[in-house]
Amino acid sequence: MAVSGEFAEWAAELTMRSVPQSVRRAACRRILEAIAAGVGAARIGTVDPAVHVAVGIGGPPEAELIGHAAGRISAPAAAMANGMLMDALAPEADLVTSTLAVVLPAAFAVGQEVKARGDEVLLAVVAGHELACRLGARSSPYATGVFGAALAAARLMALDPARIRDAVGIAGEFTGGRSSVGGTPGLSAGLAAANGIVAARLAASGATGPDAGIDELCRAWELAPDRLVGGLGVVWASEGTWAARSTDHQLDLEACEKLGGSRQDARALIAEVRAFAFAPSLDAILALTVKVAAGT
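Counting in my numbering, the sequence shown runs without a single skipped number right up to 317 at its last residue.
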């Protein structure tokens, strides 16, 4: 089976119990950091051009922007702006952090659109982030992040494995993004996040993608496809070492206070993400309460 198909089947069957506690913890911590970075970028106007364009695109009221009271806009437009916001303050971020700035905005936008529960959004982020991290080891994280964004969006849209495979295959048509620093920050992350949603929507509408698209990229990057899927669900590339962004996160996030205690507490971690910058209508998704305790 091609890589896209194996990842599609794995992602479709992924449950909270099948994700190790350490992976869930790491995902929640990175979600907190990405939201904090997005709020910070919104406050200092780092990527105002993206916000202006996203609001101008408008569209159906599906998702909201970080730190802005512009109301709901289309999910792809929101993902574009939020991806740029989440990535803007850390152009030197590592693979794990950079790919999350692509996958997370797509998952949050689609999660709002379909009114998903917090745990459903978290699982979609974990699945998409794992694919993006495994691919990103050999290329720009922005070039590979679109695959993870498509996977996360497709799972939240409740597509079957065949359609998820198509979404990932179609995402290959959008690969791109530079790793150099310069110009308006976050462009690559934001565009990849939006394109991931577009790929999933195309698949949902009946468009098909190449089964072996990722396999072809693996050959180009001298990465064996069987190694890409080796240990899937057992070894987690996305777990990595949590690396904080360089910016000072002195932000109004209740979650930063509610984490409390020792971060090395092995028993449980309850992270309540409640960012003041978000509108109340996002409570179901972005005022996210995630229990990351053993067996939950």
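Every residue gets a Cβ at the ideal spot worked out from N, C-alpha and C, and that includes glycine. As the structure is a computational prediction, the values presented were derived from the model and not from experiment.
Taking just the CA atoms, how far does residue j sit from residue i?
{"i": "I78", "j": "G211", "result": "14 Å"}
{"i": "L274", "j": "G80", "result": "Interpretation of L274 is limited by its pLDDT of 34, a score under 50 that renders its predicted location unreliable; the figure taken from the coordinates is listed afterwards. Taking the straight line joining both Cα atoms gives about 29 Å."}
{"i": "G207", "j": "A109", "result": "5 Å"}
{"i": "F195", "j": "Q42", "result": "33 Å"}
{"i": "H150", "j": "M101", "result": "17 Å"}
{"i": "L143", "j": "G26", "result": "21 Å"}
{"i": "M107", "j": "V147", "result": "17 Å"}
{"i": "L86", "j": "G66", "result": "13 Å"}
{"i": "G104", "j": "E83", "result": "16 Å"}
{"i": "E30", "j": "G252", "result": "14 Å"}
{"i": "M22", "j": "A32", "result": "15 Å"}
{"i": "A69", "j": "E237", "result": "Per the sequence shown, the amino acid found at residue 69 is Asp instead of Ala. If I take the Cα positions, the gap works out to 37 Å."}
{"i": "L152", "j": "V76", "result": "30 Å"}
{"i": "F129", "j": "A233", "result": "28 Å"}
{"i": "G254", "j": "F28", "result": "10 Å"}
Just confirm the distance between the C-beta atoms of residue i and residue j, as a whole number of angstroms; I'd bet it's less than 8 Å.
{"i": "A127", "j": "A170", "result": "4 Å"}
{"i": "A188", "j": "A145", "result": "Not quite, the Cβ-Cβ distance comes to about 12 Å (not below 8 Å), so this is no contact."}
Buried or exposed: where does residue i fall if 16 or more other Cβ atoms within 10 Å of its Cβ makes it buried?
{"i": "I235", "result": "buried"}
{"i": "H89", "result": "buried"}
{"i": "I191", "result": "buried"}
{"i": "T165", "result": "buried"}
{"i": "T120", "result": "buried"}
{"i": "T229", "result": "exposed"}
{"i": "R176", "result": "buried"}
Cα-Cα, which of the options is closest to residue i?
{"i": "R318", "options": "R184, V124 and G66", "result": "Absent from the model: residue 318. The displayed extent of the chain is 22 to 317, so no value can be given."}
{"i": "I218", "options": "G132, A33 and L143", "result": "G132"}
{"i": "D140", "options": "I56, P246, L35 and R186", "result": "L35"}
{"i": "R93", "options": "G230, E134 and F28", "result": "E134"}
{"i": "G157", "options": "A175, A96 and A122", "result": "A122"}
Any heavy atom of the ligand HEM closer than 7 Å to the CB of residue i?
{"i": "V124", "result": "With respect to the ligand HEM, the structure shown offers nothing to examine, as it has no ligands at all."}
Between the segment 219 to 228 and the segment 173 to 188, do at least 3 Cβ pairs fall closer than 8 Å? yes
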